[in-house]
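Using full-length UniProt numbering, the letters of the sequence shown map in sequence onto residues 1 to 298.
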Amino acid sequence: MLFVWREALVGLRRNLTMTLAMVITTAISLGLLGAGLLAVRTIDRTEDLYYSLIAVQVALDEPTSAEDPDCSSPLCRDLRAELEADPLVASVDYESREAAFARFQRIYAGQSILQLVRPQSLPATLRVTMADPLRGGEIVDRFTGRPGVRNVVDQRATVADLFSFLGSVRNATFGLAIVQALAAVLLISNTIQLSAFTRRTEVGIMRLVGATRWYTQVPFLIEAVVTGVVGAVLATAGLVAGKVFFLDNLLSGRLLANTIPPIGMTDVLGYVGPVLVVVGAVIATATGYVTLRLYVRS
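Right, here's the structure in full:
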């Protein structure tokens with residue numbers, strides 16, 4: 001084994017520029033893959049966050065909003081009872097016009113828009129929390145146009161654009177990762193071929209004195225695995241740096257604070273890092289093995 005490892009290190013040093021190019025390309029492709037995994041994790045958490053907060057809003061008409069502060073009128077009471085009896089509904093809360101205006105004032109405190117809005121502009125609302133947020137559209141369809149109902153809004157639609165944007169970022173990252181992974185595979189294959197060619201005399205002598213084909217090819221596989229693992233480590237380090245110097249500042253800004261869940265260091269080091277190391281080692285090993293079987297006949 002000492003001889004095998006020594007031969008692998010000799011091969012890495014002998015083709016230093018190719019080795020560096022392979023490590024850098026592997027690191028970039030794995031870094032993009034890691035960014036995609038973090039994007040998927042963030043999207044899942046964002047969906048969980050918003051789906052736990054969003055509701056279906058059944059806005060009541062003007063007479064009910066003006067005259068019913070506690071949903072005691074027959075029309076409002078019947079609508080609420082029907083919603084509460086629905087198996088798709090987890091809970092129903094009534095927000096009067098006055099409560100809606102007070103909430104509006106808290107949200108837009110200190111802004112000029114407060115001078116333009118009066119309590120009469122806001123309807124009383126039945127806020128419906130769904131047992132399954134994905135089925136809010138069924139409530140919208142059934143209660144739209146009912147007597148006493150002004151309109152019905154599924155708040156899930158308001159965050160659809162955000163999820164669509166995050167999904168586009170994720171898909172673009174994975175697309176770039178695939179392109180970079182292809183470049184890394186080609187570089188690994190070329191490096192192994194070049195390394196085998198430069199050591200063809202030594203390999204030939206070893207075969208003549210009885211060394212098996214597998215024994216002579218193990219150093220080349222070790223070279224591939226080392227470059228894959230080093231690339232994965234560099235990719236993980238790059239993700240850590242990106243989190244510390246870019247993402248933390250971005251997600252702590254006023255625009256995105258409390259909008260997108262933060263990415264923790266455990267997400268990078270405890271989740272993505274090990275995945276990248278395994279993927280890097282597996283890709284490098286598979287590429288090296290296939291290259292040796294197809295192109296190296298010594």
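For every residue, glycine included, the Cβ atom is placed at its ideal position computed from N, Cα and C.
Because the structure is a prediction, the values reported are computed rather than measured.
Query	Result
Should residue 266 go down as buried or exposed, given a rule of 16 or more other Cβ atoms within 10 Å for buried?	exposed
For residue 232, which residues in the same chain have their Cβ closer than 6 Å to its Cβ, ignoring the five residues on either side in sequence?	30, 276, 277 and 280
By how many angstroms is the C-alpha of residue 64 removed from the C-alpha of residue 168?	43 Å
Tell me the DSSP secondary structure of residue 108 in three-state form.	coil
Report the CB separation of residue 148 from residue 56 in whole angstroms; it is logged as a contact under 8 Å.	That belief does not hold up - the Cβ atoms of residue 148 and residue 56 are roughly 16 Å apart, past 8 Å.
Please state if the CB of residue 49 and the CB of residue 261 are separated by a distance shorter than 8 Å.	yes
Would you kindly check if the distance between the Cβ of residue 28 and the Cβ of residue 193 is under 8 Å?	no
Determine the DSSP secondary structure at residue 86, reduced to helix, strand or coil.	coil
Excluding five sequence neighbours on each side, which residues of the same chain lie with their C-beta closer than 8 Å to the C-beta of residue 94?	70, 71, 76, 80, 124, 125, 126 and 127
Where do the ends of the beta strand (DSSP E) carrying residue 154 lie?	149–154
State the CB to CB distance for the pair residue 43 and residue 170, rounded to an integer number of angstroms; the pair is presumed to be in contact (CB under 8 Å).	6 Å
Smallest Cα separation from residue 269: which of 121, 109 and 241?	241
Does the Cβ of residue 178 lie closer than 7 Å to at least one heavy atom of the ligand ADP?	The ligand ADP is absent from the structure shown, which contains no ligand whatsoever.
Would you tell me roughly how many angstroms separate the C-alpha atoms of residue 140 and residue 45, rounded to the nearest one?	26 Å
Are residue 25 and residue 183 close, meaning C-beta to C-beta below 8 Å?	yes
At what residues does the alpha helix (DSSP H) containing residue 66 begin and finish?	62–67
Would you please verify whether the beta carbon of residue 163 is less than 8 Å from any beta carbon of chain D?	Chain labels in this structure do not include chain D; a single protein chain is all it has.
Residues in its own chain within less than 7 Å of residue 119 by CB, not counting five upstream and five downstream?	97, 98 and 101
Starting from residue 140, trace the alpha helix (DSSP H) in both directions and tell me its first and last residue.	136–143
Looking at the secondary structure, which residues open and close the beta strand (DSSP E) in which residue 127 lies?	125–130
Counting C-beta neighbours from all protein chains within 10 Å, is the total for residue 103 16 or more, i.e. buried, or is it exposed?	exposed
Going by the CB atoms, is the gap between residue 35 and residue 239 shorter than 8 Å?	yes
Tell me the rounded alpha-carbon separation between residue 138 and residue 83.	12 Å
Return the residue from the list 146, 220 and 60 that minimises the CA-CA distance to residue 286.	220
With a 10 Å radius around its C-beta and 16 neighbouring C-beta atoms as the bar for buried, classify residue 161 as buried or exposed.	exposed
Looking only at C-alpha atoms, which of 292, 21 and 38 sits nearest to residue 222?	292
Under 8 Å, do residue 60 and residue 272 count as touching if we go by C-beta distance?	no
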